[in-house]
Each structure stands twice: as C-alpha cells, then as structure tokens.
Amino acid sequence: MDESAGAWERLAAINMTMYRRIVENLNAAVGAVNLAAQSDAAAQVIWREHAVRQIMRVHNTFTAWNSLIRCRAGDPPTIPGDQRVFRLGDLLDWLAVEMRQPRKAHAHDDLRLRGRRDTLQEALILLYSGAFALGPGARLVVTPSPKGVTLGVRYRKFGDAPPSLNALLSRQSDNWRMENLTFELACVRDFLEMSDCVLNYQVEERHCALTFFVPAARQRTWTRRLRPRRNAGEPLGPAETILNETGLRGETLTNLDDDGDGDVTLDSDQSVGR
78 MDESAGAWER LAAINMTMYR RIVENLNAAV GAVNLAAQSD AAAQVIWREH
128 AVRQIMRVHN TFTAWNSLIR CRAGDPPTIP GDQRVFRLGD LLDWLAVEMR
178 QPRKAHAHDD LRLRGRRDTL QEALILLYSG AFALGPGARL VVTPSPKGVT
228 LGVRYRKFGD APPSLNALLS RQSDNWRMEN LTFELACVRD FLEMSDCVLN
278 YQVEERHCAL TFFVPAARQR TWTRRLRPRR NAGEPLGPAE TILNETGLRG
328 ETLTNLDDDG DGDVTLDSDQ SVGR
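Each residue of the sequence shown is one higher than the one before, counting from 78 in my numbering.
Here it is, written out as structure tokens:
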C-alpha cells in the first residue's frame with residue numbers, strides 16, 4: 078500500500094510539473110493570438126510567429142514528459158531517428174529565443190551532438206528555473222568544445238549548500254517550492270539519463286553549479302582491404318582492376334555514425350580519403 082501511495086505521489090508531481098509547463102506556454106500562445114487580432118498587419122505577423130513558437134514549445138514539452146513517463150513505466154529510452162543527432166547551433170538558437178537574448182555565431186555552431194534534444198532542452202529549462210530557488214545570481218553555463226558542450230546553471234552559494242547531489246535531492250524542506258524543486262531535479266537526472274548524460278553538482282567557495290555534458294556524435298573509422306590473391310600469376314579480377322586503377326585498394330572510409338548502428342554510409346559531402 079505504501080509503495081502504491083508513493084507511486085501515485087510521484088505521478089501527481091509529474092502531472093503538476095507537466096501541467097504548469099504546458100499551461101504557461103498555452104496561455105502565452107492564446108495571448109499572442111489575441112494581440113494579433115487587435116494589431117495592424119505588420120504586428121500581426123510578429124504575434125502569429127510568437128504564437129506558433131509557443132505551440133511548438135507545448136509540443137516539445139509534452140513529448141519530453143511523455144517520454145519520461147514511458148521510460149519510468151519500463152519502456153526502453155529509445156531516441157527517435159530525427160532526434161539522434163542535432164547541431165549545436167540549433168540548440169543555441171533555441172536557447173537564445175527562450176532567454177530572449179541575441180547571440181553571436183560560434184566557431185562550434187556546426188558541431189553535431191548526439192542525444193535526445195527535446196528531453197535535454199526540458200532538463201535545461203528545469204535547471205534554470207530551479208536555480209533561482211537555490212541561490213541568487215543564477216546564470217546559464219554554455220561551454221562548447223570539439224568534443225561536445227557543457228550546459229547547465231551556476232548560482233551564488235547561499236547558506237549551507239548540500240555537499241553532494243544525493244544530499245541535494247534528498248533534502249527535506251517545509252517550503253513547497255523547495256520540495257517541488259527536489260522532484261524537478263530528480264526529473265532532470267532522468268531526462269539526462271535518456272541521452273546517456275550525467276547531472277553533475279559542484280560546490281565551490283562562493284558558487285554552486287549544476288551541469289551536464291552532451292557529447293559530439295562519434296566519428297568512427299573503418300579500414301577494409303581486399304584479400305590477397307592465392308596465386309601471384311592469377312589474373313586480376315574486375316573489382317581488383319578497378320581498385321588498382323583508381324588507387325582505392327585498402328583505403329580508409331571515414332563516416333560520422335549518426336545512428337550508432339555501425340553502418341558505413343557516405344553523404345554527398347563526404348569522399349573516400351587517401
């Protein structure tokens with residue numbers, strides 16, 4: 078009975094958090110539609126685009142939380158094919174819109190990351206909103222590198238900060254916001270695990286940080302060589318003749334493994350290197 082009650086409490090917490098996130102975006106979309114109806118032609122385009130963005134946020138939010146619920150119910154955390162690999166620049170564009178801040182082009186914008194983008198975005202949103210309850214001066218952390226990108230939040234240390242992530246997640250509080258924040262951080266950890274990412278918690282002298290690392294899509298190399306002929310005097314076969322003429326015998330094929338299945342495919346902008 079206690080286990081069943083705990084399951085219902087967790088389900089109620091997911092429902093409340095998911096409901097809040099969806100209703101916020103739906104209210105913003107309805108407000109944009111109403112403003113578009115009362116504006117001139119030029120402003121209508123702007124407000125309609127804003128309404129579409131809010132609806133897309135609702136869709137992404139629902140998809141992320143639905144995936145989390147299914148994963149907790151025992152389904153494997155599979156990543157849809159269209160979300161397995163995405164550009165860092167697209168993620169930064171989304172982040173700039175969410176934060177309502179302009180951004181400059183970055184040297185690593187074309188870096189391809191591997192993970193489930195909708196759940197990673199939801200995890201980052203929950204971290205950012207929760208950071209304001211943990212301490213003042215909350216700000217986003219975005220640190221790209223050729224190997225991937227570190228995302229998260231950093232805030233000023235306030236009072237006695239828990240020494241570890243487990244201590245932070247198990248902290249008891251009479252404040253409803255802190256109690257709900259503990260649940261949200263647990264969801265963040267689950268969201269990240271669906272993309273094989275890990276939530277890290279650092280406590281420094283004056284600051285604390287909650288971050289996670291999204292790796293770049295792995296680049297794999299295959300080397301394939303033809304078997305040597307048994308008889309040195311045996312005539313060359315058609316395939317060997319072509320390879321010798323083109324200089325491709327025993328060459329290495331390099332391909333970005335988007336789906337992680339180990340298949341060798343060449344895109345239109347890739348070539349066989351010598």
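Just so it is clear, CB atoms sit at the ideal spot from N, CA and C, and this is done for glycine as well.
query: Touching by the beta-carbon criterion (3+ pairs, under 8 angstroms), the stretch 96–112 and the stretch 131–142; result: yes
query: Helix, strand or coil at V275 according to DSSP, with G and I counted as helix; result: coil
query: Reduced DSSP category for R134 - H, G, I as helix; E, B as strand; rest coil; result: helix
query: Whole-angstrom distance between Y232 and L217, CA atom to CA atom; result: 9 angstroms
query: Nearest candidate by alpha-carbon position, reference K224, set L165, A173, N277; result: L165
query: Contacts around D338, its chain only, beta-carbon distance under 6 angstroms, and the 5 residues preceding and following it disregarded; result: Unreliable placement is indicated for D338, whose pLDDT of 42 sits below 50; the coordinate value is still reported in the next sentence. Contacts found: none.
query: Helix, strand or coil at Y96 [DSSP, three-state]; result: helix
query: Identity of the residue in N252, V265, T227 nearest L242 by Cα; result: V265
query: Pair within 7 angstroms by beta-carbon distance, A90 and F260; result: yes
query: Three-pair Cβ contact test at 8 angstroms for the stretch 195–208 versus the stretch 265–283; result: yes
query: The stretch 197–212 touching the stretch 284–291, judged by at least three CB pairs closer than 8 angstroms; result: yes
query: Cβ shell of K234 (< 8 angstroms), same chain only, five flanking positions each side left out; result: G212, V280, E281, E282, R283, H284, C285
query: Spatial neighbours of Y278 in its chain, beta-carbon cut-off 7 angstroms, leaving aside the 5 residues before and after; result: S241, L242, L245, L287
query: Option in V162, A114, R180, R97 with minimal Cα separation from F139; result: R97
query: Helix, strand or coil at S222 [DSSP, three-state]; result: strand
query: Cβ neighbour criterion (16 or more within 10 Å) applied to R147; result: exposed
query: C-beta atoms of V230 and A208 nearer than 7 angstroms; result: yes
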